[in-house]
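*Asks:* The structure's right below; bear with me while I get my questions together.
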Amino acid sequence: MLWPGDVSWLIDEPRLIANAFYFNQDRIPAHTGLFGNFGVPYGPVPTQIYQLLLALTHNPLALVVLRGLLCAGLTSVGLLWLARTLGLRGWFAAAIVVSPNIVAFHRILWDASFTIPMGTLALAALADFLQTKRAWSLRLCSVCVVLLPINHPQALPLAVPIGAYLLWRHRADFRADKAALWRIGAVLFILHFLYLGAVAGVVWTRLTEGTVTVQYPVKSARYLSMLAPFLGGNLLTGFDYARSVARPEGPAWLVDGAMWLSRLIYPVIWLGIGAALLRVAPVWRAFRAGAAVAPRDLFPAILVACLGLQFILFTALRIPPGPQYFFGTFALHAALALLGVEVLAKVRLALPVGALLGGANAFITLGGMHTVHTRGFEAPGWPTMTNCLGAVRQLDRYADQVVLTDIELFQRFPQPIRTLRLLAPPPPGPKPHHRRLLLSYKRKDGVQTGEIVVTELARDEQRPPGAILIDVTPLPANWVPDPSTW
């Protein structure tokens, strides 16, 4: 994995890793995740995965590599499996998995983005089951359908239609495999019964206190939310990534051209939506007549049902159509893109469009990674893991437990520093107490860089404007940010 230390390391990621660390210390699997936007905790699976990774290594850079390999590998396998099962062009999966957002979120130590590989496996297993009626495909699909919304509710549009269809049309297959499914269900229950109790307690408290809300905290214009089924390309294009996260170096015509070419994913998905819609009426007529339906016809109809639920949820909750809100439906829009490529193939445009899209995405991804490595993120005050590790290694030379900082992120959320000090404690031995250390961004030629430095202030030297004291000791168990900073 190229430059693993260049991943962002901000708010949720350090807390997830710290929670996994302490669950490992207690020798128990995690029973809950972080709290979400609706005040209900997310599921424990991401934390449990990080527990397994921490059992292998406490090196934060190695964690990034392992997480990236795991998620990218499962997503790629899932897309290829899906394409092979339905006779689609599997090579187009490469144009999808090299898109900058997918590469970035496969590496970032977050929780919601686990729905990318999980959802892909759910759809691939569904397609395989429809084609072969293999029991293990039904088991895998069922497990993913259960875990997806527990991991993050943004996966509901994918999980609910799949689960509803299976319960509607394949109850006999569930009964035929009930022994294995009961065993799998028992394992899932053991891993989640404390979580389910916690969720029930939170929901009950909110109901009795009258604090339940079904409105998303960050609302977008309703018309944008209504268009969400057609905007899944927001996650798969490199346009916004190059514009606001990390712009590749190069001539303006080249970079801008790649940005616009990466938007080819939108019409490809729209073609897939059109192709899927054409299958709905024939499938419904076949169901009513009791006739058999070919998997290649049935599968697109299920995707349309997923789009319908996505429209309802996004519109009702006014969920913004930002890239991070499409993790749970990544597999849906990737599958629609594969269907769209089949439409392009009929006019011999599949290969040229796929090559242009894949090349543009790869250029933005690699160029953006080089930009972050050499200059940092476009967003000021958005540190990388390497930036934070550098600061921690400097702090290791001192015994100070509190330091001054003028970095706003650390003032509100010190966990990027404190979690790294938990994973990589300082070497033993006596160290001096300076009592006037300043944690700040380095400036070069008057311009702030991404590098974080520790400076020894003289006793009579004034602290920089806005600098305050923060705790830099290892993050304790069950730590949560000060609610006043939320």
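The opening position of the sequence shown corresponds to residue 1384 in my numbering, with each subsequent residue numbered one higher.
For every residue, glycine included, the Cβ atom is placed at its ideal position computed from N, Cα and C.
1) Run through DSSP, which three-state label would residue 1869 get?
2) Look at the Cβ atom of residue 1645, then the Cβ atom of residue 1747, and state whether they are nearer than 8 Å.
3) Using the Cα positions of residue 1718 and residue 1637, report the straight-line distance between them to the nearest angstrom.
4) Buried or exposed, going by whether 16 or more other CB atoms sit within 10 Å of the CB of residue 1859?
5) Do you know whose CA, among 1442, 1414, 1503, lies nearest residue 1456's CA?
6) State yes or no: is the C-beta of residue 1501 within less than 8 Å of the C-beta of residue 1530?
7) Take residue 1413 and list the residues in its own chain whose beta-carbon comes closer than 7 Å to its own, dropping the five residues that flank it on each side.
8) Buried or exposed: which applies to residue 1411, given that a residue is buried once 16 or more other Cβ atoms fall within 10 Å of its Cβ?
9) What is the DSSP secondary structure of residue 1640, reduced to helix, strand or coil?
10) Please classify residue 1834: does DSSP put it in a helix, a strand, or coil?
11) Would you report the Cα separation of residue 1775 and residue 1808, rounded to the nearest angstrom?
12) With a threshold of 8 Å on Cβ separation, who are the neighbours of residue 1760 within its own chain once the five nearest residues in sequence on each side are excluded?
13) Report buried or exposed for residue 1786, applying the criterion of at least 16 other Cβ atoms within 10 angstroms of its Cβ.
14) Using the Cα positions of residue 1675 and residue 1660, report the straight-line distance between them to the nearest angstrom.
15) Of the residues 1469, 1473, 1450, 1449, which one's Cα is nearest the Cα of residue 1460?
16) Grouping DSSP H, G and I as helix and E and B as strand, with all else coil, what is residue 1418?
17) Does the Cβ-Cβ distance between residue 1621 and residue 1743 come in under 8 Å?
18) Within 10 Å of its beta-carbon, does residue 1869 have 16 or more other beta-carbons around it, so buried, or fewer, so exposed?
19) In angstroms, rounded to a whole number, what distance separates the CA positions of residue 1582 and residue 1517?
20) Rounded to a whole number of angstroms, what is the C-alpha to C-alpha distance between residue 1790 and residue 1853?
21) According to DSSP, is residue 1824 part of a helix, a strand, or is it coil?
22) List the DSSP bridge partners of residue 1424.
23) Quick one: grab the DSSP three-state call for residue 1767.
24) Tell me, please, whether the CB atom of residue 1859 is closer than 8 Å to any CB atom in chain D?
25) So, do the region 1730–1737 and the region 1553–1566 have three or more beta carbon pairs nearer to each other than 8 Å?
26) List in chain order: all unbroken alpha helix (DSSP H) runs of 4+ residues lying wholly within the region 1546–1616.
27) From residue 1773 to residue 1836, what does the alpha carbon distance come to, in whole angstroms?
28) Tell me, to the nearest whole angstrom, how far the beta carbon of residue 1873 is from that of residue 1813; I am working on the premise that it is less than 8 Å.
29) CA-CA distance, residue 1749 and residue 1700?
30) Quick one: measure Cβ to Cβ for residue 1398 and residue 1447, integer angstroms, because I've assumed they're closer than 8 Å.
31) Is residue 1725 helix, strand or coil when you go by DSSP?
32) Please go through the same chain and pick out, in chain order, the residues whose beta-carbon is closer than 8 Å to the beta-carbon of residue 1798, but skip the five residues on each side of it.
33) To the nearest angstrom, how far is it from the Cα of residue 1604 to the Cα of residue 1753?
34) Going by the CB atoms, is the gap between residue 1469 and residue 1634 shorter than 8 Å?
35) How big is the Cα-Cα spacing for residue 1588 and residue 1419?
36) Given residue 1544, which residues of its chain have a CB within under 7 Å of its CB, disregarding the five upstream and five downstream residues?
*Replies:* The relevant details are as follows:
1) With a pLDDT of 46 at residue 1869, under the threshold of 50, the predicted position of this residue should be treated as unreliable, though the coordinate-derived value follows. Assigned with DSSP and collapsed to three states, residue 1869 falls in coil, not helix or strand.
2) If you check the CB distance, residue 1645 and residue 1747 come in under 8 Å.
3) Going by the C-alpha atoms only, they are around 29 Å apart.
4) Exposed, because fewer than 16 other Cβ atoms sit within 10 Å of the Cβ of residue 1859.
5) Here the closest residue by C-alpha is 1503.
6) Contact flag set, yes.
7) Correct list, in chain order: 1402, 1403, 1406, 1427, 1430, 1431, 1434.
8) Per the 10 Å Cβ criterion, exposed.
9) In this structure, DSSP gives residue 1640 a helical state, which the three-state scheme calls helix.
10) Strand, per DSSP.
11) C-alpha separation (whole angstroms): 9 Å.
12) Closer than 8 Å at Cβ, skipping near neighbours: 1391, 1628, 1629, 1767, 1833.
13) Here residue 1786 is buried: its Cβ has 16 or more other Cβ atoms, across all protein chains shown, within 10 Å.
14) For the pair residue 1675 and residue 1660, the Cα-to-Cα distance works out to about 19 Å.
15) Selected option, being the one with the closest Cα: 1473.
16) Secondary structure of residue 1418 (DSSP, three-state): strand.
17) Their beta carbons are under 8 Å apart, which means residue 1621 touches residue 1743 by this criterion.
18) Only weak support is given to the placement of residue 1869: the predicted model assigns it a pLDDT of 46, under 50, and the value that follows is read from those uncertain coordinates. Exposed, because fewer than 16 other Cβ atoms sit within 10 Å of the Cβ of residue 1869.
19) Looking at the two C-alpha atoms, the distance is approximately 34 Å.
20) Computed Cα separation, rounded: 10 Å.
21) Reduced to three states, the DSSP call for residue 1824 is strand.
22) Per DSSP, 1418.
23) Assignment of residue 1767 by DSSP, reduced to helix, strand and coil, places it in the strand class.
24) You won't find chain D in this structure, because it holds only one protein chain.
25) Verdict: no, contact absent.
26) The alpha helix (DSSP H) runs lying completely inside the region 1546–1616 and spanning 4 residues or more are 1554–1559, 1561–1592, 1605–1609, given in chain order.
27) Approximately 8 Å between the Cα atoms of the pair.
28) The shown model of the chain, from 1384 to 1869, leaves out residue 1873, and the question about it has no answer.
29) Computed Cα separation, rounded: 35 Å.
30) Contact flag wrong, Cβ pair sits at about 16 Å.
31) Secondary structure of residue 1725 (DSSP, three-state): helix.
32) Excluding residues within five positions, the ones whose Cβ falls inside 8 Å are 1394, 1397, 1398, 1401, 1858, 1862, 1864.
33) Rounded to the nearest angstrom, the gap between the Cα atoms of residue 1604 and residue 1753 is 35 Å.
34) Between residue 1634 and residue 1469, the gap from beta carbon to beta carbon reaches 8 Å or more.
35) In this structure, the alpha-carbon of residue 1588 lies about 16 Å from that of residue 1419.
36) 1685, 1688, 1689, 1692, listed in sequence order.
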